[in-house]
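Student: Please find one structure pasted underneath; my questions will follow.
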């Protein structure tokens, strides 16, 4: 498999459990989550698989951890930190940002930081990056950038520069600077989009990566690299889990949630072997958008 030009691509994982799926009635009540988690060790088993795959290929990544997971599985946070990966936040309750008030979002994010740091047994843990559940910072919710800056975050990875089921945000492709409503600036590492025929589509994360054959994913990586942009990969523990529990949902959501799970590990290993990878913060530093030493 041809190696892309000498560019470090961004490797990231959103650490949440199998039932953290937005707009699915069967799992939307948080009071049900402890029981659903107890029925399956999925988040621990498959995050440990991700850690083994990264170790096998000597790849470091960013793990955007849900505060709820950090609270329930603190030893998992410690294993991620001990493996030398960057740790970011994925919020606490996995709620869409554009449906929250600024006050509710601030409380959620403060709780996520406290839970992740407690899980890591490190009250001073630097948590630089945030990824919104479902890439849900959309037009009109830019106030979230000010909240992130107020809480000490130094970059965001929440924008999806194409139309999608839960929004999307028109923004430049590749790493860039976003200006918050206050006038302050924050580096942004949006999701990768490549051109396939007349359309620009996501190819490197979640259901998109599970659905597409590896040659098309490689085509997207090559296309972005040729234009000087690193590919951003994002995956969840459930993306690797053919034994993921099923719950009632519309047919199109069922397809997107469960297609291709058996092939995810093989695709990821092939990509890690063929290209150079780094945590999100390191990719932003390489672009000259973030100060400080490598994570």
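Numbering (our numbering), first residue to last: 35 to 329.
Just so it is clear, CB atoms sit at the ideal spot from N, CA and C, and this is done for glycine as well.
Remember, predicted model here, so these are calculated numbers, not experimental data.
When burial is assigned at 16 or more other CB atoms within 10 Å of the CB, is residue 69 buried or exposed?
Tutor: In the chain shown, counting from the first residue as 1, residue 69 sits at position 35. That one is exposed.
Student: Have a look at the DSSP bridge pairing and note the partners of residue 213.
Tutor: Within the chain shown, residue 213 is the residue found at index 179, counting from 1. Answer is 219, bridged to residue 213.
Student: Could you name the residues that DSSP lists as bridge partners for residue 96?
Tutor: Taking the chain shown and counting its residues from 1, one reaches residue 96 at position 62. Looking at the DSSP assignment, residue 96 forms a beta bridge with 46 and 120.
Student: When the Cα of residue 247 is compared with those of 294, 91, 122 and 157, which residue comes out closest?
Tutor: Against the chain shown, residue 247 aligns to sequence position 213. Closest option to residue 247, Cα to Cα, is 294.
Student: So what does residue 190 bridge to, in DSSP terms?
Tutor: Counted from its first residue, the chain shown places residue 190 at position 156. Paired residues: 164 and 222.
Student: Can you name the start and end residues of the beta strand (DSSP E) that residue 269 belongs to?
Tutor: The residue labelled residue 269 in the question sits at position 235 within the chain shown. Residues 266–269.
Student: Are residue 177 and residue 136 touching if we call contact CB-CB under 8 angstroms?
Tutor: If you number the chain shown from 1, residue 177 lands on position 143. If you number the chain shown from 1, residue 136 lands on position 102. Yes, these two residues count as a Cβ contact at 8 angstroms.
Student: Can you tell me the Cα-Cα spacing of residue 271 and residue 50, whole angstroms?
Tutor: Along the chain shown, read from residue 1 onward, the residue named residue 271 stands at position 237. Along the chain shown, read from residue 1 onward, the residue named residue 50 stands at position 16. Whole-angstrom Cα-Cα distance: 7 angstroms.
Student: Can you tell me which residues form a DSSP beta bridge with residue 311?
Tutor: Taking the chain shown and counting its residues from 1, one reaches residue 311 at position 277. In the DSSP output, where bridge partners are listed per residue, residue 311 has 43.
Student: From what residue to what residue does the beta strand (DSSP E) around residue 259 run?
Tutor: Looking up residue 259 in the chain shown gives position 225. First-last for residue 259: 248–260, but that is the alpha helix (DSSP H), not the beta strand (DSSP E).
Student: Should residue 168 go down as buried or exposed, given a rule of 16 or more other Cβ atoms within 10 Å for buried?
Tutor: Position 134 of the chain shown holds residue 168. Answer is buried; the Cβ neighbour count reaches 16.
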